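> If you count by this note's numbering, then the sequence shown holds residues 5 to 373, one letter each, in order.
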Amino acid sequence: MKINITKSTFLEGIQIVSSGVSSRTTLPILHNFLIEAQAGKLKLVRTDMEMATIHYVNAEVEEEGSITVPIKEFSEIIKNLPDDKEINLYTDENNKFHIKSGKSKFWVIGTPKSEYPAIPEVERTNSVSLSPLELQDMVVKTAFSASTQETRYILNGLLWNNTPEKFEVVATDGGRLAVASHASLPGSNEFKIIIPTKILNEVCRYITIAKPGKDDMIEVNVASNQVSFMMKETTFISRLIEGNFPNYNQVIPTKKNLGFEVFTKDLLASTRRAKLCIGEFGALVKFKLENNNLTISANSQKMDFTDELPVEYTQEAFDVAFNPDYIIDVLKNIATEKVSFSFVNASQPVLVEPVGDTMFKYVIMPVRA
């Protein structure tokens with residue numbers, strides 16, 4: 005293999021494949037990434053056996069070939085090469101990968117492609133195209149509700165549920181729930197799959213980097229145990245999470261005895277202030293509704309906080325308490341000027357919805373004060 009490439013192009017490609025893939029592995033080869041030169045393109049591949057990223061960059065290919073090298077050390081080498089010089093790379097018969105830029109020269113020991121895990125292709129029999137920005141919006145505004153505890157494996161992903169009526173993206177950690185609704189995806193079969201949060205976060209990160217135009221689309225391919233996302237020169241592949249996602253419709257309140265609307269930014273700011281005086285353990289923020297007034301309070305052994313916001317509320321006095329992080333995470337992701345809270349009572353799930361936006365809904369479990 006013999007190639008020439010600019011530093012900025014190469015480094016951007018390495019950064020795309022290096023992020024998101026776990027570095028915690030007992031297999032030394034998984035600390036490497038694959039570099040493969042083919043017909044004017046350089047194919048970069050990284051996998052941790054659960055997910056994989058494939059990215060193509062333009063390069064002058066004098067001789068086709070492939071090699072795998074440790075990604076951490078190699079990326080540091082490329083970062084520290086001169087900015088204004090072209091990078092020349094070639095392999096020799098001893099699996100040494102030679103790097104030259106200006107007067108600077110390195111070589112690293114590589115491993116043949118044959119020792120790197122093969123990346124399975126995802127069948128394109130159930131394929132849909134989505135606006136990248138719409139996909140990103142649905143994921144970002146729900147993924148924060150997914151569980152990060154490895155013992156709750158099923159909840160470490162987002163449910164994608166496509167029916168003839170609608171397409172929903174759902175996340176929960178057992179204490180809160182986020183649902184994004186979209187028109188049913190055209191041209192695809194019905195499917196109900198759980199996609200690991202990790203790969204969805206990487207897809208969203210890439211969408212931000214790629215800066216897609218309004219006509220760009222991302223292709224999603226759903227197979228029996230895998231999913232892939234294809235956009236421009238990049239493909240993400242991941243195993244699906246196997247198991248049964250909780251019946252989320254059962255916890256979405258349909259009966260609403262009490263409720264109020266409030267300015268989103270005001271409640272977010274007040275809840276953040278309340279959190280300042282709460283310790284790490286047993287933290288909660290209290291809401292008291294009475295006579296068109298919402299009182300937000302919190303206290304600890306060393307601090308105390310109260311604040312008041314005007315709301316339209318003339319029903320009976322009502323007290324409820326929440327994990328402040330749950331309130332803050334929801335409000336951060338609501339773009340509308342106002343947000344509504346609907347209650348059955350102080351111990352039942354609370355429905356939180358952006359006023360004027362039917363695409364998103366959130367459910368939060370109160371806590372005992």
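Yeah, the Cβ is synthetic: ideal placement off N, Cα and C, and Gly gets one too.
Computed from a prediction, not measured in an experiment: that's the story for all the values here.
State the Cα-Cα distance for the pair Gln254 and Gly44, rounded to the nearest angstrom.
Residue numbering aside, residue 254 sits at position 250 when the sequence shown is read from its first letter. Residue numbering aside, residue 44 sits at position 40 when the sequence shown is read from its first letter. Distance between the alpha carbons of Gln254 and Gly44 is about 54 Å.
> Which whole runs of the alpha helix (DSSP H) in the stretch 114-155 are 4 residues long or more, in chain order?
Those alpha helix (DSSP H) runs which fall completely within the stretch 114-155 and span 4+ residues are 136-147.
> Over what stretch of residues does the beta strand (DSSP E) that includes Ala214 continue unbroken?
As a working mapping, residue 214 is identified with position 210 in the sequence shown. Per DSSP, Ala214 belongs to no beta strand (DSSP E); it is in the alpha helix (DSSP H), 201-214.
> Exposed or buried, Gln140, counting other C-beta atoms within 10 Å across all chains shown (16 or more means buried)?
Here the question's residue 140 lines up with position 136 in the sequence shown. Burial call: buried.
> According to DSSP, is Thr13 part of a helix, a strand, or is it coil?
Taking the first residue of the sequence shown as 1, we reach residue 13 at position 9. DSSP places Thr13 in helix when its eight states are reduced to three.
> Hey, would you say Ser242 sits closer than 7 Å to Ile203, going by beta carbons?
The residue given as residue 242 occupies position 238 in the sequence shown. The residue given as residue 203 occupies position 199 in the sequence shown. In this structure, Ile203 lies closer than 7 Å to Ser242 by Cβ.
> Roughly how many angstroms lie between the CA atoms of Ser304 and Lys269, to the nearest whole one?
Stepping through the sequence shown from its first residue, residue 304 is reached at position 300. Stepping through the sequence shown from its first residue, residue 269 is reached at position 265. So the two alpha carbons sit approximately 25 Å from each other.
> Between the Cα of Thr95 and those of Gly178, Thr72, Ser185, Ala122, spot the shortest distance and give me the residue it belongs to.
Counting from 1 along the sequence shown, the entry for residue 95 is found at position 91. Among Gly178, Thr72, Ser185, Ala122, the Cα nearest to that of Thr95 belongs to Thr72.
> Is any heavy atom in the ligand HEM found nearer than 6 Å to the beta carbon of Pro370?
The ligand HEM is not among the ligands present in this structure, which contains no ligands whatsoever.
> How would you call Glu40, buried or exposed, if buried means at least 16 neighbouring beta carbons within 10 angstroms?
The count along the sequence shown starts at 1 and reaches residue 40 at position 36. With 16 or more other Cβ atoms within 10 Å, it is buried.
> What residue range is occupied by the uninterrupted beta strand (DSSP E) comprising Ser70?
Counting from 1 along the sequence shown, the entry for residue 70 is found at position 66. From DSSP, the beta strand (DSSP E) with Ser70 extends over 69-74.
> When you compare only the Cα positions, how much space is there between Arg277 and Glu68?
Position 273 of the sequence shown, counted from the first residue, corresponds to residue 277. Position 64 of the sequence shown, counted from the first residue, corresponds to residue 68. Their backbone Cα atoms lie some 59 Å apart in a straight line.
> Out of curiosity, what's the CA-to-CA distance linking Ile199 and Lys107?
Residue numbering aside, residue 199 sits at position 195 when the sequence shown is read from its first letter. Residue numbering aside, residue 107 sits at position 103 when the sequence shown is read from its first letter. Spanning the two alpha carbons is a distance of roughly 47 Å.
> Pull up the CB-CB distance for Asp196 and Asn229, whole angstroms please, since I reckon it's below 8 Å.
Numbered from its first residue, the sequence shown carries residue 196 at position 192. Numbered from its first residue, the sequence shown carries residue 229 at position 225. Correcting the residue identity first, residue 196 is Lys in this sequence and not Asp. With a Cβ gap of about 13 Å, Lys196 and Asn229 do not count as contacting.
> Taking DSSP as the reference, what is the three-state secondary structure of Thr239?
Within the sequence shown, the letter at position 235 stands for residue 239. Strand.
> Output yes or no for whether 7 Å exceeds the beta carbon distance between Asn297 and Lys145.
Within the sequence shown, residue 297 is the residue found at index 293, counting from 1. Within the sequence shown, residue 145 is the residue found at index 141, counting from 1. Cβ distance not < 7 Å, so Asn297 and Lys145 don't count as in contact.
> If the criterion is Cβ atoms closer than 7 Å, does the pair Ile113 and Thr239 meet it?
Residue numbering aside, residue 113 sits at position 109 when the sequence shown is read from its first letter. Residue numbering aside, residue 239 sits at position 235 when the sequence shown is read from its first letter. Going by C-beta atoms, Ile113 is not nearer than 7 Å to Thr239.
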